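Enquirer:
Residue numbers (this note's numbering): 72 to 229.
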């Protein structure tokens with residue numbers, strides 16, 4: 072006998088973890104106040120433009136990459152294939168102005184909301200959908216960790 076969880080139960084758990092990752096740390100797996108958007112709100116454009124070493128990406132590049140990856144996932148969930156140069160952002164995104172930094176954060180938030188809303192209507196009937204959702208969660212949690220780790224060098228006084 073195969074045991075299954077309901078798609079509603081899966082979706083509920085997935086949305087809670089996505090909200091914790093992006094919107095508000097709730098002391099579940101993140102500390103309170105440690106979500107992505109809460110973290111980004113504390114970072115200036117100048118700080119987002121500063122790499123922690125010569126070989127490391129800037130926080131601005133991480134945010135641009137996260138937006139691209141979420142957008143790519145949105146298209147995949149809709150059955151669309153995109154051609155993406157995954158290295159372009161890492162090669163090109165360095166310094167951002169205040170306006171560019173604000174726009175980048177807004178674009179990430181809009182893309183996150185679009186993915187969250189798509190998740191609510193996804194049928195969750197095959198392993199590819201569930202695997203894709205877990206990849207989105209893990210990938211963004213990883214980059215949140217990278218950003219928070221970079222802040223240890225960029226803002227050591229925090």
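Positions of the beta carbon are idealized from the N, C-alpha and C atoms, including for glycine.
Treat the numbers as computed from the prediction; the structure is a model and nothing was measured.
Do you know whose CA, among 93, 94, 133, 88, lies nearest residue 163's CA?
Expert: 133
Enquirer: Buried or exposed for residue 136, going by 16 or more other Cβ atoms inside 10 Å?
Expert: It is buried - the Cβ of residue 136 has at least 16 other Cβ atoms within 10 Å.
Enquirer: For the pair the stretch 197 to 205 and the stretch 99 to 113, tell me if three or more CB-CB distances fall below 8 Å.
Expert: no
Enquirer: Residue 156 lies in the alpha helix (DSSP H); which residues open and close that run?
Expert: Taken as a continuous stretch (DSSP letters only), residue 156 belongs to no alpha helix (DSSP H), as it is neither H nor E.
Enquirer: If you count every other CB in all the chains shown that lies within 10 Å of the CB of residue 91, and 16 or more means buried, which is it?
Expert: buried
Enquirer: In this structure, does DSSP put residue 207 in helix, strand or coil?
Expert: helix
Enquirer: Starting from residue 172, trace the alpha helix (DSSP H) in both directions and tell me its first and last residue.
Expert: 169 to 192
Enquirer: Does the distance from the CB of residue 81 to the CB of residue 161 come in under 9 Å?
Expert: no
Enquirer: With the cut-off set at 9 Å, would you say residue 193 and residue 148 are in Cβ contact?
Expert: yes
Enquirer: Determine the burial state of residue 209: buried for a count of at least 16 other Cβ atoms within 10 Å of its Cβ, exposed for fewer.
Expert: exposed
Enquirer: If residue 179 and residue 138 are in contact, beta carbons under 8 Å, what's the gap, nearest whole angstrom?
Expert: 5 Å
Enquirer: Would you say the beta carbon of residue 125 is closer than 8 Å to some non-hydrogen atom of the ligand PLP?
Expert: Among the ligands in the structure shown, none appear at all, so the ligand PLP cannot be discussed.
Enquirer: Where does residue 113 fall in DSSP's three states?
Expert: coil
Enquirer: When the Cα atoms are used, what is the spatial distance from residue 174 to residue 131?
Expert: C-alpha separation (whole angstroms): 11 Å.
Enquirer: Using only CA atoms, which one of 144, 114, 191, 228 lies nearest to residue 199?
Expert: 144
Enquirer: Of all the options 221, 95, 157, which has the alpha carbon lying nearest to the alpha carbon of residue 126?
Expert: 221
Enquirer: What does a CB cutoff of less than 7 Å around residue 218 pick up in its chain, not counting 5 residues either side in sequence?
Expert: 110, 130, 133
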